[in-house]
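Structure first, commentary second.
In my numbering, the protein residues as written are 967 to 1154.
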C-alpha cells in the first residue's frame, strides 16, 4: 500500500529532521518572534492573498483584472493539489510526532507534507515574478517569512517547506507562462 511506504519513508526523514526542527522551534521562547510568526501565519492562511487579489486590478488597471482572476484560479488549483497530497502521503506534523516541539499556532489541517502555506506563497510570488515583477519583489520578504513560520511554529519539517516551495514555484511559473500570451493578446 502506497501510504504505508510513504509513512515508513517519512518516519525515517522525521528522525533526521527532528534536531533541526527542535532548534528552530526554540525561537518561540522569544515573545516578539512568536508574535511575528503567528501574525505571518495568520495572514498566510489566505487573508493576505485575498487582499492582494482584490488590490491588483487597482494597482495595475491595464491587466490587473486578468492577473487577479488567474491568481484566484491558480490558488484553487494549489489548494486541491496540497490537500490531495496530504491525504495521500499522510505525514504527521512535528509537534505531534515529537512532544518536545511546541505548536506555536493551531494548524488548519491534520497533516504536514507539503506545506500548503509555503506552496501558495511561493506560487503567487513566482507567478507575479513573471507577470508583475515589481509586485513580486515587494512580496518576497512576506513569502520568505511565511515559509520560515511553518518550521518556527512547529507545524512543518524543513522538507515540507522545501516541497511546498518547489511545487508552488512550478505551479506559479507554469500558470504565468501558460497564460502570458493570452494576456498579451487581451491587453496587449
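Using N, Cα and C, we set each Cβ at its ideal position, and we do this for glycine too.
> Roughly how far, in whole angstroms, is the beta-carbon of residue 1040 from the beta-carbon of residue 1138, given that I think they are within contact range, below 8 Å?
Replying inline: Mapped onto the chain shown, residue 1040 falls at position 74. Mapped onto the chain shown, residue 1138 falls at position 172. Between residue 1138 and residue 1040 the Cβ distance is about 7 Å, and since that is below 8 Å, they are a contact.
> With 16 other CB atoms within 10 Å as the buried threshold, where does residue 1126 fall?
Replying inline: Reading the chain shown from its first residue, position 160 is the one you call residue 1126. By the Cβ neighbour-count rule, residue 1126 is buried, with 16 or more other Cβ atoms within 10 Å of its own.
> What distance in whole Å lies between the Cβ atoms of residue 1057 and residue 976, which are believed to be in contact at a cut-off of 8 Å?
Replying inline: Mapped onto the chain shown, residue 976 falls at position 10. Mapped onto the chain shown, residue 1057 falls at position 91. Going by Cβ atoms, the distance from residue 976 to residue 1057 rounds to 4 Å, so yes, they are a contact pair.
> Quick one: is residue 1123 buried, meaning 16 or more other Cβ sit within 10 Å of its Cβ, or exposed?
Replying inline: Counting from 1 along the chain shown, the entry for residue 1123 is found at position 157. Residue 1123 is classed as buried because its beta carbon has at least 16 other beta carbons within 10 Å across all chains shown.
>> Tell me the rounded alpha-carbon separation between residue 1118 and residue 990.
In response: Your numbering for residue 1118 matches position 152 in the chain shown. Your numbering for residue 990 matches position 24 in the chain shown. The straight-line gap from Cα to Cα measures roughly 5 Å.
>> Count Cβ pairs between the segment 1057 to 1072 and the segment 1095 to 1114 that sit closer than 8 Å; are there 3 or more?
In response: They do not touch, by the three-pair rule.
> Does DSSP put residue 1123 in a helix, a strand or coil?
Replying inline: Translated into the one-based positions of the chain shown, residue 1123 becomes position 157. It is coil, neither helix nor strand.
> When DSSP labels each residue in this structure, what does residue 983 get in the three-state scheme?
Replying inline: Stepping through the chain shown from its first residue, residue 983 is reached at position 17. Correct three-state label for residue 983: helix.
>> Once DSSP output is grouped into helix, strand and coil, what is the label at residue 1100?
In response: Taking the first residue of the chain shown as position 1, residue 1100 is located at position 134. In this structure, residue 1100 counts as helix in the three-state DSSP scheme.
> In terms of residue numbering, what span does the alpha helix (DSSP H) encompassing residue 1015 cover?
Replying inline: Stepping through the chain shown from its first residue, residue 1015 is reached at position 49. Secondary structure note for residue 1015: its alpha helix (DSSP H) is the uninterrupted segment 1014 to 1025.
>> Give me the DSSP bridge partner(s) of residue 1028.
In response: In the chain shown, counting from the first residue as 1, residue 1028 sits at position 62. DSSP, once it has assigned bridges, lists no residue as partnering residue 1028.
> Among 1050, 1051, 1048, 1020, which has the Cα closest to the Cα of residue 1036?
Replying inline: Here the question's residue 1036 lines up with position 70 in the chain shown. Nearest C-alpha to residue 1036 among 1050, 1051, 1048, 1020: 1020.
> Below 8 Å between beta carbons: does that hold for residue 1120 and residue 1082?
Replying inline: Position 154 of the chain shown, counted from the first residue, corresponds to residue 1120. Position 116 of the chain shown, counted from the first residue, corresponds to residue 1082. Their beta carbons are not under 8 Å apart, which means residue 1120 does not touch residue 1082 by this criterion.
>> I'd like to confirm the pairing. Which residues does DSSP put opposite residue 1077 in its beta bridges?
In response: Taking the chain shown and counting its residues from 1, one reaches residue 1077 at position 111. Paired residues: 1058.
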